[in-house]
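J.: Residue numbers for the sequence shown, in my numbering: 19 to 213. Provided herewith is a single structure, encoded as structure tokens, for subsequent inquiry.
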Amino acid sequence: MNRPLSDFPNLQRRVPAGDSRERLVCENCEWIHYENPRIIVTGFCLWENSVLLARRAIAPRRGFWSLPGGFMEVGETPEEGAAREVQEECGAAVSIESLLAVYAIPRIGQVHMVYLARMESADFLPGEESLDVRLFDLTPSSIPSEELAFPVNRWLFDDWFRHAGSALTVPFTSGADRMDERMGEEPWHPNFPPE
19 MNRPLSDFPN LQRRVPAGDS RERLVCENCE WIHYENPRII VTGFCLWENS
69 VLLARRAIAP RRGFWSLPGG FMEVGETPEE GAAREVQEEC GAAVSIESLL
119 AVYAIPRIGQ VHMVYLARME SADFLPGEES LDVRLFDLTP SSIPSEELAF
169 PVNRWLFDDW FRHAGSALTV PFTSGADRMD ERMGEEPWHP NFPPE
């Protein structure tokens, strides 16, 4: 559990010697607490010509559809984290094939790593964090685009359909120019409203 900064009165925000950014620094020992981006790992899970989505049972965006994913845990690889999240949210066993996309969102300190995964069977069931789990035909008209929980999910589907039929040799990414454009398209973020 994260403790509030007020529990650590010796930590102060300042630019430490030899650095150019403001950081949390201990006034007693000069220890520096580096605030790093959070890594979110996601499975783009395919079964034949369908993709697996979960309807969220938790905030934020309860009741909306999402690709199964969540925060990477200490001690696991991104691939292990993606497979774990799929199992926890959808009760599905998957084989991770490759990195499909990396979307960095600096404004909210997140890096999303999406993995192409093949379901080992058509067996799945909602986990504690899901109200429902379904396979959707992998066609633009079948994906519930207006009910997707997060912009990153929509970006992934947009990229997938834009490149459909072509050989993918590198992951989809969010270069700085494209990210500014994409973030400008978003009227909200569930936790971080526009500045």
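Glycine included, every Cβ here is placed at the ideal spot set by N, Cα and C.
If you run the structure through DSSP and keep just helix, strand and coil, what is Gly36?
T.: As a working note, residue 36 is residue 18 in the sequence shown. In this structure, Gly36 counts as coil in the three-state DSSP scheme.
J.: Kindly indicate which three-state DSSP category Phe210 falls into: helix, strand or coil?
T.: In the sequence shown, counting from the first residue as 1, residue 210 sits at position 192. For Phe210, the predicted model reports a pLDDT of 47, less than 50, meaning its position is unreliable; a value from the coordinates is still stated below. It is coil, neither helix nor strand.
J.: Does the Cβ of Ser84 have 16 or more other Cβ atoms within 10 Å, making it buried, or fewer, making it exposed?
T.: Sequence index remark: in the sequence shown, residue 84 carries index 66 (1-based). Buried, because 16 or more other Cβ atoms sit within 10 Å of the Cβ of Ser84.
J.: Does the Cβ of Thr60 have 16 or more other Cβ atoms within 10 Å, making it buried, or fewer, making it exposed?
T.: What you label residue 60 is simply residue 42 of the sequence shown in a count that begins at 1. Thr60 is buried by the Cβ-count criterion.
J.: So what does His220 bridge to, in DSSP terms?
T.: This structure cannot speak to residue 220, because the chain is shown only from 19 to 213.
J.: By a C-beta neighbour count over all protein chains shown, 10 Å radius and 16 as the cutoff for buried, is Leu143 buried or exposed?
T.: Along the sequence shown, one-based indexing puts residue 143 at 125. Leu143 is exposed by the Cβ-count criterion.
J.: For Cys44, which residues from the same chain have a beta carbon less than 7 Å from its beta carbon, with the 5 sequence-adjacent residues on both sides left out?
T.: Within the sequence shown, the letter at position 26 stands for residue 44. So the list reads Asn28, Leu29, once near-sequence residues are dropped.
J.: Could you name the residues of the same chain whose beta carbon sits closer than 7 Å to that of Pro212, not counting the 5 residues immediately before and after it, in chain order?
T.: Here residue 212 refers to the residue found at position 194 of the sequence shown. Model confidence at Pro212 stands at a pLDDT of 47, short of 50, so the residue's coordinates are unreliable; what they give is reported in the following sentence. For Pro212, where only same-chain residues beyond five positions count, there are no Cβ hits under 7 Å.
J.: If you compare alpha carbons, which of Gly88, Cys108, Val69 is closest to Ser148?
T.: Counting from one through the sequence shown, the residue named residue 148 turns up at place 130. When each option's Cα is compared against that of Ser148, the closest is Cys108.
J.: How far does the alpha helix (DSSP H) with Glu103 in it reach, from first residue to last?
T.: Against the sequence shown, residue 103 aligns to sequence position 85. That run of the alpha helix (DSSP H) goes 96-108.
J.: Is it buried or exposed, Gly93, if we count other Cβ atoms within 10 angstroms and call 16 or more buried?
T.: Taking the first residue of the sequence shown as 1, we reach residue 93 at position 75. Exposed, since its Cβ has fewer than 16 Cβ neighbours within 10 Å.
J.: Out of curiosity, what's the CA-to-CA distance linking Arg80 and Asn46?
T.: Here residue 80 is taken as the residue at index 62 of the sequence shown, counted from 1. Here residue 46 is taken as the residue at index 28 of the sequence shown, counted from 1. Roughly 43 Å between the two C-alpha positions.
J.: Find out if the Cβ-Cβ distance for the pair Asp150, Ala110 is shorter than 8 Å.
T.: Along the sequence shown, read from residue 1 onward, the residue named residue 150 stands at position 132. Along the sequence shown, read from residue 1 onward, the residue named residue 110 stands at position 92. In this structure, Ala110 does not lie closer than 8 Å to Asp150 by Cβ.
J.: According to DSSP, Trp83 sits in a beta bridge with which residue or residues?
T.: Counting from one through the sequence shown, the residue named residue 83 turns up at place 65. DSSP, once it has assigned bridges, lists Arg73, Leu166 as partnering Trp83.
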